Each structure stands twice: as structure tokens, then as C-alpha cells.
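The structure appears below as C-alpha cells.
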Amino acid sequence: MKSHLGAATRLTAAMHAGFFLLLAASVARFVAGHGLSGATPLILVLTGTLALVYVAGVLSWEILGRWRPVWLTAVIAVWLALVVAAPSFAWCAVPLFFVCLQMLRPRMMIAVVVLLTAATILAQLRIASGFDPSLVLAPIAVALMATMTFLQLDGDRRKLGEAVKALLGARVDLAQSQRLAGMMQERERLAREIHDALAQGISSTRMLLQAAQRSWDTDPELAKDHVARAVEAAGDNLAEARRFVKGLGSPRLDAGDLAETLKELSEQIMFAAMHAVRFETSGDPYPLSPEVEAGLLRVAQGALANVSEHAKATKAAVTLTYLADKVVLDIRDDGVGFDPASTRTSGDRGNGLRMISERLAELGGEMVVESAPGEGTALAVAVPTREVR
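To convert, take the position in the sequence shown, counting from 1, and add 3; that gives the working numbering.
Below, the structure is given as C-alpha cells:
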């Protein structure tokens, strides 16, 4: 766009310069042929007037605004007077063609161009010693070429303007699409957080309260212990909710490292669901990035929630393995199992696997699920990592 505007500015400047060069050439030719006597003073006055009017319009172009046609009328009127007095000034019409083409609407433009062309032809015939077809055809050819050149340039300008408008519209559409994509991404993030963290916490709280309800009459002390743990789980869940809404890490990780947090999570599940949950680590532990730690914790929360709610398992095992270039989390249970290849997987379990897969994709990790009806489930996730120095 800038290059097109620059080219148009240069063309306009060239036309203005051409006008003054032709004007100077015409007055020099007239003075050389007629001297300073006779009509020369009148020609010089008209030439000076035309130059002043033209320069005034060029310098005050922005100020003229809707008065530009009046200025153009004055320029053409003085030029016609010059042509009548001295036909050699007729060729100043060529740059005037471009001025008219830039300012006037198509119908008015054609009428003025015809007027300028006719004046040029008559002026040439007046000073010719005899009739020459070129005196008629040359001005018409020049006017035609000037008109067609400008119309082509004007058409290109309009097309460029339309292209720029379409590009701006496309940018607006792209911004809207990116905004909607961002909204969908945030919704997915919240859905994963709710499923992996809040749903698991609420489920643990519910099961603790159910256990307290069952032992309320037979063992009040045990029931109170279950209620106390339920209160603690509810507090943790509330902290989780506040933290992930702000887009921060898990508050569980604020108190210790990933292994310790997973151990506490396993114990909570064991007390809530009355399962035997075993946790162990393998390899030499090393610091992980906050993103990897938070991601693995969410995976463990979602997977253990499925174990406690759907697997009907009596025991489960959680293993965190540190390897040189990745960390692996294994969660196994002896529950009812399911068919991983089935497209009819429904409920939270099917949702949980999808969300785990999406979370691992963000971390560049991968997931393997081994299960069959009646044979329990083994979930293994691996996330590439590097030591934090």
C-alpha cells in the first residue's frame, strides 16, 4: 500500500513538473519568435497568472477541499486565454489531462478532456501552414493514452484498496477465531482441572462422609476420624479450586515434592475408599519443572478417582519412576477392568482417559493403557524431562 501511494505521489509530482516545463518552453518559444514587443507583454502576464494560480492550488491542495474544481476551472480558463493568444501553449494540456482525471468524475472528466483536446487541435491548425492529419490525430492519441493510463492506474488503486479492506477483514476474522480458540482452550483447561482435581476431591470427601455415616452408631470415634479427614479433604479441594481458577500450580505441591504429594494422595484415597493403595518410587529422584509436576499430579488424581469410583478394586499401586530423560507414572488396580479399544466407553472413565491424553500432549508425553474386563487396569504415562539446575 505504501509503495502504491509513493508511486502515485511521484507520478503527480512528475505531472506538475511537466506542466511548468512545457509552460516555460512555450513562453521561451513565443519570446524567441516575437521578441518583447506586440502581444508579448500580454502573454507574459497570462503566463505568470497561470503559473501563480497553478502553484497556489498545488501548495494549498488540502486546504482547497471541495473548492478544487473552482481552482481547476480558473487554471483551464487562463490556459484557454493563452492558447487563443499563442497557440504554442496548447501542449500544456497534456499535464492538465492528468489533473482533470484525478479530480473529476467520469462524465465531467470526459467532457473536460474533450474540451482540452479540441482546443489543442484548433490551436495547432491555426499556426499550421496547411492541413496535416497528424495535427488532429496526435492530440487525440495523447488524450486517449493519458486517459487510459490514468484509468488503469485508478483501477489498480481501487483493486488494491479492496484487497487491503479484505485483508483487514480477514485480520478481524482471524482475531475473532483466535479469541474463540482461546476461550475453547480455557474451557478445556477448566474441564480437565475439574475432572482431575475437584471431582477426585469431592469424591473422596463423599466417601469419607459415607464411611462416617456407616460407623456413626457402632464406632463414633472412627466416624469422627472420617469426618475430620473429610473436612481436611474439603479444605484441600477449596484451595485447589481457588488456585487453578487463577491459572497457578497445585497447592498440594507447595508443601513438598511430587513424590511426597503422590504418597499423601494415595493415603487419602486409601482412607476414603477403604482400598489398599501402595505408593513407591524408583530411580534417583531429581527436580522436575512445575509444569511436569502439576501435569503428573493431575494425571494421578484423575486415574485414582476412576479407581475409587468405577474400578471396584480392593487394592491399587502407584509407582513414580525417574529415568535419565523422562519420568514414568504407573497406576495399577485389580478392579473390574474395561476394553480400552471399545468406542462405547462412557462416563467419567472414558472422559478421564481423553483428558489425560490431552494433558500429556501439552507436555509432549505419551500414555499406554492395558486392561480387559475382569482383569484390572494398568495405566502408564511417560513425560520427557530434564533436570532443573
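All residues carry an ideal CB built from backbone N, CA and C; glycine is no exception.
Model, not experiment: these values are computed from the prediction.
Residue pairing by DSSP places Thr-322 opposite Glu-283 and Asp-333 in a beta bridge.
Taking all protein chains shown into account, Gly-367 has fewer than 16 neighbouring C-beta atoms within 10 Å of its C-beta and is therefore exposed. Contact between the region 234 to 241 and the region 203 to 218 is established, with three or more Cβ pairs separated by less than 8 Å.
Judged by DSSP in its simplified three-state form, Glu-267 adopts helix. Judged by beta-carbon spacing, Lys-318 lies beyond the 7 Å limit of Ala-385, meaning their Cβ atoms are not closer than that value.
Check the Cα spacing between Leu-154 and each of Ala-166, Arg-108, Glu-224 and Ala-28: the tightest is with Arg-108. Within the region 42 to 126, the complete alpha helix (DSSP H) segments at least 4 residues long are 43 to 62, 64 to 67, 71 to 88 and 96 to 106, listed from N- to C-terminus. If you look at Leu-307, you'll find it in the alpha helix (DSSP H) that goes 293 to 309. Under the 10 Å beta carbon count, Phe-100 is surrounded by 16 or more other beta carbons and is classified as buried.
Counting other Cβ atoms within 10 Å of its Cβ, His-229 reaches 16 or more and is therefore classed as buried. Annotation: Leu-307 to Gln-181 spans about 35 Å, alpha carbon to alpha carbon.
Setting aside the 5 residues that flank it on each side, Thr-52 is surrounded in the same chain by Val-81, each with a C-beta closer than 8 Å to its C-beta; the list follows chain order. Rounded to whole angstroms, Met-187 and Ser-311 show a C-alpha spacing of 30 Å. DSSP, reduced to helix, strand and coil, places Leu-39 outside both helices and strands of the structure shown, so it counts as coil.
Beta-bridge partners assigned by DSSP to Met-187: none are found.
Within 10 angstroms of the beta-carbon of Ala-149 lie 16 or more other beta-carbons, which makes it buried.
Exposed is the label assigned to Ser-137, since fewer than 16 other Cβ atoms lie within 10 Å of its Cβ. In this structure the region 155 to 171 does not lie against the region 113 to 133, because fewer than three pairs of beta carbons, one per stretch, are closer than 8 Å.
With respect to the C-alpha of Arg-32, the residue from Thr-264, Leu-268, Ala-89 and Lys-168 having the closest C-alpha is Ala-89. Your pair Asp-337 and Ala-316 checks out as a contact, with CB atoms roughly 5 Å apart and the cut at 8 Å. The alpha carbon of Ser-292 has as its nearest neighbour, out of Ala-93, Leu-261, Ser-285 and Ala-320, the alpha carbon of Leu-261. Out of Ser-345, Gly-340, Gly-305 and Glu-373, the CA that lies nearest to the CA of Met-358 is found in Gly-305. DSSP links Leu-382 through a beta bridge to Ile-334 and Val-372. Here Met-210 is buried, its C-beta having at least 16 other C-beta atoms within 10 Å. Each of Glu-270, Arg-13 and Thr-43 was checked against the Cα of Ala-236, and the nearest Cα belongs to Glu-270.
For Pro-387, the beta-bridge partners assigned by DSSP are Lys-329. Taking C-beta atoms under 8 Å as the contact rule, Leu-118 and Met-112 fail to qualify, at a distance of about 11 Å. Burial state of Tyr-57 is buried, judged by a 10 Å Cβ sphere holding 16 or more other Cβ atoms. Counting other Cβ atoms within 10 Å of its Cβ, Thr-12 stays below 16 and is therefore classed as exposed.
Taking the CA atoms as reference points, Arg-71 sits about 50 Å from Ala-184. Restricting attention to Ala-141, Arg-110 and Ala-42, the CA atom closest to the CA of Leu-85 is found in Ala-42. For the set Val-371, Tyr-325, Gln-213 and Pro-376, the Cα lying nearest the Cα of Asp-342 is the one of Pro-376. Taking a C-beta distance under 7 Å as the contact criterion, Val-102 and Val-145 do not qualify as a contact pair. Around Gly-298, the same chain offers Arg-362, Leu-363, Glu-365, Leu-366, Gly-368 and Val-386 as residues with beta carbons nearer than 8 Å, after the five sequence neighbours per side are excluded. For Leu-83, same chain residues with a beta-carbon under 7 Å away, outside a window of 5 residues either side, are Ala-122 in chain order.
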